[in-house]
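K.L.:
Numbering (the numbering used here), first residue to last: 118 to 343. Note that CB positions come from ideal geometry on N, CA and C, so glycine has one too.
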């Protein structure tokens with residue numbers, strides 16, 4: 118049974134699969150199709166297993182606990198990713214630029230910056246993306262789908278990030294804080310613009326928490342805190 122053969126090939130990116138069901142699921146990453154909808158909130162997923170995991174967020178079932186801080190997670194993979202925050206472990210290195218990553222998948226995505234690879238292609242207009250999430254958002258421009266709804270005003274949004282940004286504007290909260298000077302902003306885009314003012318004066322940035330320093334020696338001292 119386990120011959121290692123992968124006869125089912127994606128016509129879009131040529132990735133091969135041992136089972137036809139694997140190919141069916143994979144093709145949804147290109148098309149953005151999400152046929153499995155949550156009956157509680159309407160959020161949709163590419164597979165029934167992804168929906169089952171999501172349903173735990175409604176039931177509160179979180180079986181995996183961090184031994185360091187006690188935080189609970191729905192999946193063991195989420196716990197592994199979280200623990201890297203405590204350890205600072207970034208074992209995956211880009212051979213082109215030396216940048217370090219905590220996960221192999223993050224390195225693989227980053228590598229596309231160097232290779233120019235854009236494997237996620239829109240079937241309607243052929244625009245291509247480096248990440249699946251970019252394609253999913255783009256496809257919603259064609260379909261008009263806006264699955265994220267503001268409970269306060271009823272307005273719908275294409276992404277959870279757009280919804281959060283909208284909610285912050287409505288509440289007046291300033292949740293985006295500069296780790297260098299402490300100044301807070303309502304929107305992530307405003308913080309990003311603000312950070313540019315530090316880059317010229319403080320070019321040495323911490324790879325763990327993004328705090329910046331004017332001298333490399335200051336950064337080295339700071340890194341010891343992680």
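#1: Where do the N-terminal and C-terminal ends of the alpha helix (DSSP H) with residue 139 fall, by residue?
#2: For the alpha helix (DSSP H) that contains residue 299, what are its first and last residues?
#3: Name, in chain order, the residues that DSSP records as bridge partners for residue 321.
#4: Going by DSSP, which residues form a beta bridge with residue 153?
#5: Ordered along the chain, which non-local residues of its own chain (more than five positions away) have a Cβ less than 8 Å from that of residue 165?
#6: Can you tell me whether residue 182 is helix, strand or coil according to DSSP?
#7: Classify residue 240 as helix, strand or coil using the three-state DSSP reduction.
#8: Starting from residue 407, follow its DSSP beta bridges and name the residues at the other end.
#9: Checking 8 Å against the spacing of the C-beta atoms, do residue 142 and residue 125 come in under that value?
#10: Is any beta-carbon of chain B found at less than 8 Å from that of residue 146?
P.N.:
Taking the coordinates as given:
#1: Taking the chain shown and counting its residues from 1, one reaches residue 139 at position 22. Run containing residue 139: 137-148, per the alpha helix (DSSP H) assignment.
#2: Looking up residue 299 in the chain shown gives position 182. Taken as a continuous stretch (DSSP letters only), residue 299 belongs to no alpha helix (DSSP H), as it is neither H nor E.
#3: Position 204 of the chain shown holds residue 321. 330.
#4: For the purposes of this step, residue 153 is taken as residue 36 along the chain shown, with counting starting at 1. According to DSSP, which records beta bridges pairwise, residue 153 is partnered with 162.
#5: Looking up residue 165 in the chain shown gives position 48. Answer for residue 165: 153, listed in chain order.
#6: The residue labelled residue 182 in the question sits at position 65 within the chain shown. Of the three classes helix, strand and coil, the one that applies to residue 182 here is strand, per DSSP.
#7: On the chain shown, position 123 is the one that residue 240 refers to. Reduced to three states, the DSSP call for residue 240 is coil.
#8: The structure shown does not extend to residue 407, since the chain is modelled only from 118 to 343, so the question has no answer here.
#9: Taking the chain shown and counting its residues from 1, the one referred to as residue 142 is at position 25. Taking the chain shown and counting its residues from 1, the one referred to as residue 125 is at position 8. The answer is no: Cβ separation not under 8 Å.
#10: Chain labels in this structure do not include chain B; a single protein chain is all it has.
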